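Residue numbers (the working numbering), protein chains in the order written: chain A, 1035 to 1636; chain B, 1035 to 1636. Encoded as structure tokens, the structure appears first; notes follow it.
Encoded structure:
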């Protein structure tokens, strides 16, 4: 597809580039004497110059002849240059920042482009919300390439979202310049079952000659995976076992090896590369979801790169996996992903191939970051009010709203076996576990001894008043309650707690501030991160957001939870497209059979 | 770009493919127990089944569950299967057959698709001629993907052709479903000089999101090559030195390593691969021009594959270079080039990875060739009369027309130093050499002692009466004359001979029969291959054409020439886009400086 993400289309530049390459016109910029990571041939070319004009690469070699009056010369002796990193699958919203601030956070870490699926905001505000984020992103140098959310709601019939997307919406969005493909097709059951809705979305994307991105999250790599790949799904970031990633590559699907803030699949998945003597062109390295704290402390794709190398993937190969392999996945390798003539001058400067620290970042020939700091800024983005006022519960919640009635016939003092959602820190999967809860006053309550907590999901988009009830196991909380409007993928209001009063307080606090994350105990708000943009994001910078999130995570510890990124883990409780047991505003869902199930085990 | 070369677009097949992969619907065909060459991971997967439906691959694995009533099961135990071969750059016309018969000749050798540049017929009959060939090709299973001829005439101002092509024509052709890119941009001097004509053609192709194919034929891999690549030229088949092919790959340009009937560059170019530890994804193997004799005796890409392996390129890597690497070059790897789900079921069956003999060929899920024989046929294509009557000389030539006057002032008995075109068997390049010719009767004649022959090129498209005169060295002819209307790229009437009477006879013989190749001696026609389709092709099959060409080549031997494929070598004498010295209907051209030069050296 045509690339709309460079400063100028190539056809407006070819005469200039040809002249610059031959020294007939001075370059805008010349990088001198770098060790160039050539991702085409997988070599390092020492002492190499790059001449740039029109935001594109005109010449690679010994470029003194390209230097004229007005040429900016950047001495890169002793430094490594590589193509700007491309993240093949990310959700900006996970950073809790708007796209503009997200760009300021990731570009200094070497990221030139992202293939983003804004499906969090889309679940809340529909494609209109996506458009607003795209406007914010377009002000930045980051190439923010959208894959239109495909699964809104994530699993139709199992939850209520703020909006829904179908084949006709997909067809419409494919005409937008900023859209390069279809967002992760999480509805793999629909693809496998051959539903018109899922296949209609695939069809509209394929007809537009754009790329279908995937999400095949079960450890099955035979008939189902073949069916999924045969349906035109070009890549998938959901492998958790090395053999599944390997199977995807063998089937010609790009295996996007993930290392996000809360899901650290890469060390396991790297074995697909390091244990097999294979061509790795079908491997990508991606982040999926990155927390502000990770962005500030560890970085973005540069961090993933360092982890990949620690896992035994050779540095050049790992760089290919976040440059040319990604561009090829999206069939944009004619424009992006290598430092070769004609391509966008997106270039990351690294201190060395051992340390892999980003020292400078160039996009479209402009230096846009130095020493970890973005060099671009602009006025605060004016979000419209419908974006910043997205909490529509329709009522204030009372402690009584959090009562859970025991099943009919269960007498006080007896125990009821209930399904609980067992969460696993650092993994996207949950398990269904069964626990015996005591009946008191005809009700079931949180059981701190078993580490089992009441969990509610309230619809918050259209004042329907619907809610689902369940229990979660594994948080380690001893008092208080937590609530969040970051609750994948419908982003309804999720509340987990030890007692009804604190749960009500947590819920109402978020309803009042436009959404966010809150920790309360004993009638007091211990920590609050306001996320007024669709209840998902703030427009603060990464450092501030990281501090705020760090502070609230401390309050989790205060009430007894010690897991890393507890809000990110908690936020997946409603995600009905992943195994095994989840809770939405409509009830408990068995995500292996896609059936609603009762709280009580028969 | 959208693929228009499969039986059905993917979006019409996904539901069926998903069902077949899971055993919910029987496959049309199942291939059982093959050793599958996986070009994605560069492995062989032994004992692998492939299930096919809608002409596409539904499943790869153990496919018993895909077999139902009506499923054709092909036992491939002990056989190797690989993706159908793709030739990234060829000219059908070089086979001297129409596209229909060409398809019948190459498909049994494993060729599933060709990226062809019909610039021979375009030089004679313009884009209308191209359309006629496309119609013929479209009747066959071969995916005949056109790159629109970019350089008609090859070097504007230096020759007269039957038609011309400019940016507006390119723009128009880019709307045709059968066109995937721009044909070899031979006018690299125009690209380097930044002419509006050359860059206009590039721009129209890039705007249409299609691929620009290249032709950069000078041994320069620095400023000029960078300028050329920066102008958007994606691939180039003109390397003759390993270092040039390597430079192209390093610059992100696909190096199309050539092994054609008359130009055997591969053994030299293979060193770019075998002498360097590089990622070879930017290497392609291509044929460019293949003679009918080669097709019959040696094969097509299967032959190139065997040569590549003899040159030390590992078989799987060589197969990648004629499958996935080619599809990726043309950004069609989502549809072609691998045996993976969703792709077109274009599959070549090989006896082994050692012998690499093609035993069966499948395209779009249909077996289209077995044991070297095509299984498809159809009525003779009806070429319109303007295609079969393309000789427009305007007069009958007489022996006096072949007199070459000595330079003014040169006296009988003296010697004149003239420029001669020295031909090199098996190479596309010629050299400029200087020879002393005796002046007799105020004229210069062929000098058999020095192996130097009079050479004429007559315009034959529009009865302009123009012609060019020169001398060629190296044919070894002792008597008679040869003429041909296959005379790149203008395909004017080329005549080389030892005496004027035979030269006139040769020329007139072709004028009468609509074009072709002829050898005469002592007033007798010794051999004639009639090529009535634009003076370039016949509609006979490969075996017959091979026999005819073989027979006429024997007559070359009869008159003293022993070089292989002498007509193909001779046919490049007028090709003014290649170094060093060439002859067109307008005169002698120095193809290093692109200046007309005098016959006599100052």
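Built from N, CA and C at the ideal position, the CB exists for glycine as well. As the structure is a computational prediction, the values presented were derived from the model and not from experiment.
A Cβ of chain B is located within less than 8 Å of the beta carbon of residue 1077/A. Residue range 1501–1507 is occupied by the beta strand (DSSP E) that includes residue 1502/B. Residue environment analysis places residue 1420/A among the exposed positions, since fewer than 16 neighbouring C-beta atoms fall within 10 angstroms of its C-beta. A direct Cα-to-Cα measurement between residue 1489/B and residue 1439/B gives close to 13 Å.
By a beta-carbon distance limit of 8 Å, residue 1523/B contacts residue 1153/B. Their separation comes to about 6 Å. Neighbourhood of residue 1052/B in chain A, by CB distance below 7 Å: 1225, 1226, 1228, 1261, 1264, 1265, in chain order. Residue state for residue 1307/A is assigned as helix, using DSSP reduced to three classes. At a C-beta separation below 7 Å, residue 1372/A has these neighbours in chain B: 1286. Between the C-alpha atoms of residue 1090/A and residue 1573/A there is a straight-line separation of about 32 Å. Put simply, the CB of residue 1119/A is far from chain B, with every gap to its CB atoms at 8 Å or more.
Residue contact with chain B for residue 1210/A: absent (no Cβ-Cβ distance below 8 Å to any residue of chain B). Note that the segment 1132–1152 of chain B does not touch the segment 1593–1604 of chain A; fewer than 3 beta-carbon pairs, one per stretch, sit closer than 8 Å.
Going by C-alpha positions, residue 1385/B is about 37 Å away from residue 1250/B. Looking at the backbone, the Cα of residue 1306/A and that of residue 1255/A are separated by about 14 Å. Taking C-beta atoms as the reference points, residue 1415/A and residue 1132/A count as a pair closer than 8 Å. If you draw a straight line from the Cα of residue 1217/B to the Cα of residue 1365/A, it comes to about 21 Å. Per DSSP, the continuous alpha helix (DSSP H) segment holding residue 1260/A begins and ends at 1257–1264.
Counting other Cβ atoms within 10 Å of its Cβ, residue 1054/B reaches 16 or more and is therefore classed as buried. The beta-carbon distance between residue 1616/B and residue 1455/B, rounded to whole angstroms, is 7 Å. This is short enough to meet the 8 Å contact definition. Using a Cβ distance threshold of 8 Å, residue 1479/A and residue 1515/A do not count as a contacting pair. Boundaries of the alpha helix (DSSP H) around residue 1204/A: 1201–1207. The Cβ-Cβ distance between residue 1248/B and residue 1219/B falls below 8 Å. Going by DSSP, residue 1290/B is part of the beta strand (DSSP E) stretching over 1288–1292. For residue 1589/B, no beta strand (DSSP E) encloses it; the enclosing alpha helix (DSSP H) starts and ends at 1576–1592.
Assigned with DSSP and collapsed to three states, residue 1327/A falls in helix. By the C-beta criterion, the segment 1533–1549 of chain B is judged to be in contact with the segment 1421–1430 of chain B, since at least 3 inter-stretch pairs fall below 8 Å. Spanning the alpha carbons of residue 1409/A and residue 1177/A requires a straight line of approximately 16 Å. Counting only the Cα atoms, residue 1120/B lies some 14 Å from residue 1333/B.
Residue 1060/B sits close to residue 1103/B, with the two beta carbons spaced by under 8 Å. The beta-carbon distance between residue 1125/B and residue 1290/B, rounded to whole angstroms, is 13 Å. This is too long to meet the 8 Å contact definition.
Secondary structure note for residue 1072/B: its beta strand (DSSP E) is the uninterrupted segment 1063–1072. Taking 7 Å as the upper bound on Cβ-Cβ separation, chain A lies near residues 1312, 1313, 1315 of the segment 1289–1315 of chain B. The residue among 1139/A, 1436/A, 1531/A with its C-alpha nearest the C-alpha of residue 1555/A is 1531/A.
In the DSSP assignment, residue 1168/B is bridged to no other residue.
Pairing residue 1374/B with residue 1308/A, the inter-Cα distance amounts to about 23 Å. Straight-line spacing of the CA atoms in residue 1045/B and residue 1623/B works out to 52 Å.
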